[in-house]
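Comments concern the structure below.
Number of protein chains: 2
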Amino acid sequence: MKTNIRVVLADDHPVVRDGLAAMVNQQADMEVVAEAGDGDEAIAAYEQHRPDVLVLDLRMPKRDGVSVVQRVLETHPKACILIMTTYDGDEDIFQCLSQGAKGYLLKDAPRQEILSAIRAVSEDRPYTSSAVAAKALQRMAKPSLTQRELDVLQLVAQGRSNKDIARRLSITEGTAKTHVKAILTKLDAISRTEAVAVAHKRGLIHL
Amino acid sequence: MKTNIRVVLADDHPVVRDGLAAMVNQQADMEVVAEAGDGDEAIAAYEQHRPDVLVLDLRMPKRDGVSVVQRVLETHPKACILIMTTYDGDEDIFQCLSQGAKGYLLKDAPRQEILSAIRAVSEDRPYTSSAVAAKALQRMAKPSLTQRELDVLQLVAQGRSNKDIARRLSITEGTAKTHVKAILTKLDAISRTEAVAVAHKRGLIHL
DNA sequence: GCTTCTCTCTATCTTAAGAGGGAGCGGGGC
DNA sequence: GCCCCGCTCCCTCTTAAGATAGAGAGAAGC
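The listed protein sequences derive, respectively, from chains A and B. Using this note's numbering, you'd call the opening residue of the first sequence number 29 and step up by one each time. Using this note's numbering, you'd call the opening residue of the second sequence number 29 and step up by one each time.
Here you go:
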């Protein structure tokens with residue numbers, strides 16, 4: 029057939045790109061037209077080739093997946109992006125999906141699932157894996173952190189003291205404590221260290 | 029030639045296995061004889077095929093890379109094992125190498141490096157990447173934690189209080205504090221939360 | 001206009017964390 | 001035998017962390 033699905037692969041591991049490329053090129057109805065090893069290359073490759081599907085790793089050097097999704101959809105609102113990630117707890121997944129990514133995949137997914145996800149996304153059909161759907165529901169029930177709280181959380185995770193955090197954010201120590209307290213309540217943690225553990229598990233922060 | 033290098037691949041991501049398999053099978057002098065998706069399968073595959081090289085991911089379900097290395101070398105002291113990992117800061121790398129793994133690789137290594145590493149290991153020559161050699165030197169200079177301290181660190185990372193840690197390890201709170209203090213000193217951290225951050229960066233713990 | 005939310009700041013109080021000591025006991029190496 | 005090390009326990013003291021409660025300013029939505 030002449031209506032091949034044109035795919036661009038973006039992943040920082042050559043091995044993974046090879047694996048995906050091998051799988052894709054074996055299919056009669058799809059082909060890899062370009063590969064990218066980091067976020068900037070991914071954007072450049074998209075601009076140049078305008079593929080039917082962009083398969084995108086979330087964690088990449090220079091520019092992470094979230095910002096690539098943002099950037100590409102800004103200039104090409106109809107772009108079909110399939111997110112690929114290692115961790116299903118990753119908060120970024122939901123950020124990408126809500127920004128307009130068409131689907132997401134776990135890296136440990138079997139071959140068939142990967143291929144059918146690419147086909148689905150290429151036809152503008154959203155692809156939702158059951159694992160992520162479940163996570164999404166769980167996530168709905170939990171309170172979300174404000175931007176300021178995420179700022180504070182980031183510093184807490186680095187091991188900063190309240191006083192240090194206050195200095196860096198140009199607020200009083202009392203305010204820093206207020207934010208930390210709010211974080212503890214929302215994450216259902218007793219101590220800041222537990223909060224970091226929970227936040228990491230939920231993919232709210234990347235250490 | 030008839031002296032093919034027989035390779036077993038162990039990685040929990042089908043995509044990665046595909047990529048490696050494609051690369052390896054393209055070479056005239058090597059072939060993939062089996063693949064494994066977790067630690068137990070890796071051991072079973074080794075027993076069954078006795079390959080020249082076992083390419084092993086450090087992080088796998090059921091049984092992690094370290095214990096696979098241990099197990100295989102126990103019964104086959106001459107086994108040639110090539111460790112593959114995503115993170116170069118991983119403490120487990122050194123554990124594997126000191127246990128007798130012949131080489132290690134980063135997953136973001138280029139194709140050529142991967143292939144030459146496999147060839148080196150198959151000839152019983154150790155393969156050491158420059159990145160890891162540098163890390164190894166850095167690591168030498170730093171004080172190492174005792175087993176007990178690692179136990180405590182694990183619990184600290186989960187957000188447990190000193191009192192809680194004491195209860196779980198059947199020691200007094202004072203002793204728990206002593207261990208925590210030693211950890212802080214060795215990791216050069218001011219607070220337990222910073223200690224967790226440092227420990228994670230060094231791959232001493234996996235959250 | 002009113003409510004709601006976020007961010008900011010205040011104050012007090014209790015408890016946990018961390019600094020700085022010292023010390024006994026068992027095992028392994030010298 | 002002795003010494004070093006890892007693990008355990010003890011003490012005091014200071015400071016940081018966390019619980020609790022209240023409140024004002026500004027923005028967004030109804």
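No residue lacks a Cβ here, since even glycine has one placed at the ideal position from N, Cα and C.
Inset, instruction - Indicate whether A:S157 and A:L134 have their beta-carbon atoms separated by less than 8 Å. - result: Counting from 1 along the first sequence, the entry for residue 157 of chain A is found at position 129. Counting from 1 along the first sequence, the entry for residue 134 of chain A is found at position 106. Result yes, Cβ atoms of A:S157 and A:L134 sit closer than 8 Å.
Inset, instruction - Indicate whether at least one CB of chain B lies closer than 8 Å to the CB of A:G117. - result: Locating residue 117 of chain A in the first sequence gives position 89, counting from the first residue. Taking Cβ atoms only, chain B never reaches closer than 8 Å to A:G117, which makes this a no.
Inset, instruction - Provide the residue span of the beta strand (DSSP E) that contains A:E59, from first to last. - result: Taking the first sequence and counting its residues from 1, one reaches residue 59 of chain A at position 31. Counting along the chain, the beta strand (DSSP E) containing A:E59 begins and ends at 58-64.
Inset, instruction - Give the single residue among A:L212, A:P79, A:A70, A:Q76 whose Cα lies nearest to the Cα of A:V94. - result: Counting from 1 along the first sequence, the entry for residue 94 of chain A is found at position 66. Nearest option by C-alpha distance: A:A70.
Legend entry - Assigned secondary structure, B:M112 (DSSP; H/G/I helix, E/B strand, else coil): As a first step, residue 112 of chain B is located in the second sequence; it is residue number 84 there, counting from the start. Residue state, collapsed to three classes: strand.
Legend entry - Under 9 Å by beta carbon: chain B residues contacting A:R139: If you number the first sequence from 1, residue 139 of chain A lands on position 111. Within chain B, the residues near A:R139 are P42, V43, D46.
Inset, instruction - Taking C-beta pairs closer than 9 Å, name the residues in chain B that A:V184 reaches, listed in chain order. - result: In the first sequence, counting from the first residue as 1, residue 184 of chain A sits at position 156. The contacting residues are T221.
Legend entry - Cα-Cα separation, B:T203 to B:L101: Here residue 203 of chain B corresponds to residue number 175 of the second sequence, with the count starting at 1. Here residue 101 of chain B corresponds to residue number 73 of the second sequence, with the count starting at 1. Distance between the alpha carbons of B:T203 and B:L101: 37 Å.
Inset, instruction - Could you tell me whether the stretch 70-85 of chain A touches the stretch 36-47 of chain A, where touching means 3 or more Cβ pairs closer than 8 Å? - result: yes
Inset, instruction - Work out the CA separation of B:E201 and B:R45 for me, nearest whole Å. - result: Taking the second sequence and counting its residues from 1, one reaches residue 45 of chain B at position 17. Taking the second sequence and counting its residues from 1, one reaches residue 201 of chain B at position 173. C-alpha separation (whole angstroms): 47 Å.
Legend entry - Nearest residue (CA-CA) to B:I119, options B:S219, B:P171, B:V149: Taking the second sequence and counting its residues from 1, the one referred to as residue 119 of chain B is at position 91. It should be noted that the sequence gives Glu, not Ile, for residue 119 of chain B. Checking every option, the nearest Cα to that of B:E119 belongs to B:P171.
Inset, instruction - State the DSSP-derived secondary structure class of B:D152, mapped to helix, strand or coil. - result: Counting from one through the second sequence, the residue named residue 152 of chain B turns up at place 124. In the structure shown, B:D152 sits in coil (DSSP, three-state: anything other than H, G, I, E or B).
Inset, instruction - Taking only beta-carbon positions, decide if B:G187 is within less than 8 Å of chain A. - result: Translated into positions along the second sequence, residue 187 of chain B becomes position 159. Yes, B:G187 counts as interfacial toward chain A.
Inset, instruction - Note the first and the last residue of the continuous beta strand (DSSP E) segment covering B:A38. - result: Looking up residue 38 of chain B in the second sequence gives position 10. Element bounds for B:A38: 33-38.
Inset, instruction - Verify whether the separation of the beta carbon atoms of A:L110 and A:G131 is less than 8 Å. - result: By one-based count along the first sequence, residue 110 of chain A stands at place 82. By one-based count along the first sequence, residue 131 of chain A stands at place 103. Their beta carbons are under 8 Å apart, which means A:L110 touches A:G131 by this criterion.
Inset, instruction - Say whether chain B places a C-beta atom closer than 8 Å to the C-beta of A:V224. - result: To locate residue 224 of chain A, count along the first sequence from 1; it is residue 196. Yes - at least one Cβ of chain B is within 8 Å of the one on A:V224.
Inset, instruction - Please name the residue in A:I33, A:K90, A:M51, A:D92 whose C-alpha comes closest to that of A:A137. - result: If you number the first sequence from 1, residue 137 of chain A lands on position 109. Closest by alpha carbon: A:M51.
Legend entry - Endpoints, the alpha helix (DSSP H) within which A:G67 is located: In the first sequence, residue 67 of chain A corresponds to position 39, counting from 1. From DSSP, the alpha helix (DSSP H) with A:G67 extends over 67-77.
Legend entry - Residues, ordered as in the chain, of the stretch 198-217 of chain B that lie near chain A by beta-carbon distance below 9 Å: A217
Inset, instruction - Specify the secondary structure class of A:D46 as computed by DSSP and reduced to three states. - result: One-based indexing of the first sequence puts residue 46 of chain A at position 18. Helix.
Inset, instruction - Give a yes or no on whether the minimum CB-CB distance between A:L235 and chain B is below 8 Å. - result: Here residue 235 of chain A corresponds to residue number 207 of the first sequence, with the count starting at 1. Closer than 8 Å to some Cβ of chain B, the Cβ of A:L235 qualifies, so yes.
Inset, instruction - Indicate, with yes or no, if the ligand SAM has a heavy atom lying under 7 Å from the CB of A:Q123. - result: Judged by which ligands are present, the structure shown has none, so any question about the ligand SAM falls away.
Legend entry - Residues of its chain near A:A72, where Cβ-Cβ distance is below 6 Å and the 5 sequence neighbours each way are ignored: Here the question's residue 72 of chain A lines up with position 44 in the first sequence. Contacts found: none.
Legend entry - Residue from A:K191, A:K214, A:V184 whose Cα sits closest to the Cα of A:R167: For the purposes of this step, residue 167 of chain A is taken as residue 139 along the first sequence, with counting starting at 1. Comparing Cα-Cα distances from A:R167 to each of A:K191, A:K214, A:V184, the minimum goes to A:K214.
Legend entry - Boundaries of the beta strand (DSSP E) in which B:D85 is found, first to last residue: In the second sequence, the residue the question calls residue 85 of chain B occupies position 57. Taken as a continuous stretch (DSSP letters only), the beta strand (DSSP E) holding B:D85 covers 81-85.
Inset, instruction - For B:R188, count neighbouring C-beta atoms within 10 Å of its own C-beta (all shown protein chains included) and say buried if the count is 16 or more, exposed if not. - result: Looking up residue 188 of chain B in the second sequence gives position 160. With 16 or more other Cβ atoms within 10 Å, it is buried.
Inset, instruction - Tell me, please, whether the CB atom of A:A50 is closer than 8 Å to any CB atom in chain B? - result: By one-based count along the first sequence, residue 50 of chain A stands at place 22. Closer than 8 Å to some Cβ of chain B, the Cβ of A:A50 qualifies, so yes.
Inset, instruction - Give the DSSP-derived three-state secondary structure of A:G128 in the structure shown. - result: By 1-based counting over the first sequence, the position of residue 128 of chain A is 100. A:G128 falls in the coil class under three-state DSSP.
Inset, instruction - State the DSSP-derived secondary structure class of B:L232, mapped to helix, strand or coil. - result: Numbered from its first residue, the second sequence carries residue 232 of chain B at position 204. Residue state, collapsed to three classes: coil.
Legend entry - Three-state class that DSSP yields for A:L173 in the structure shown: Position 145 of the first sequence holds residue 173 of chain A. Looking at A:L173 - three-state DSSP - the assignment turns out to be coil, as it is neither helix nor strand.
Inset, instruction - Could you tell me which of B:M112, B:L173, B:K205 sits nearest to B:R220, measuring between CA atoms? - result: To locate residue 220 of chain B, count along the second sequence from 1; it is residue 192. Residue B:K205 is the option with its Cα nearest to B:R220.
Legend entry - Cβ shell of B:A217 (< 7 Å), same chain only, five flanking positions each side left out: The residue you call residue 217 of chain B lines up with position 189 of the second sequence. Once the five neighbours on either side are set aside, the close Cβ partners of B:A217 are A223, V226.
Inset, instruction - Spatial neighbours of B:A148 within its chain, please: CB distance less than 7 Å, with the 5 preceding and 5 following residues excluded, ordered by chain position. - result: On the second sequence, residue 148 of chain B is found 120 positions in, with the first residue counted as 1. If we look at B:A148 and ignore the five residues flanking it on each side, its Cβ neighbours are G131, Y155.
Inset, instruction - Compute the Euclidean distance between the alpha carbons of A:D80 and A:Q140, then round it to the nearest angstrom. - result: On the first sequence, position 52 is the one that residue 80 of chain A refers to. On the first sequence, position 112 is the one that residue 140 of chain A refers to. Their backbone Cα atoms lie some 19 Å apart in a straight line.
Inset, instruction - Would you mind giving the Cβ-Cβ distance between B:V36 and B:M58, rounded to the nearest angstrom? I have them listed as a contact below 8 Å. - result: Reading the second sequence from its first residue, position 8 is the one you call residue 36 of chain B. Reading the second sequence from its first residue, position 30 is the one you call residue 58 of chain B. Going by Cβ atoms, the distance from B:V36 to B:M58 rounds to 12 Å, so no, they are not a contact pair.
Inset, instruction - Identify the continuous alpha helix (DSSP H) that holds B:H41 and give its terminal residues. - result: As a first step, residue 41 of chain B must be located in the second sequence, where it is residue number 13. No alpha helix (DSSP H) holds B:H41; DSSP gives it neither H nor E.
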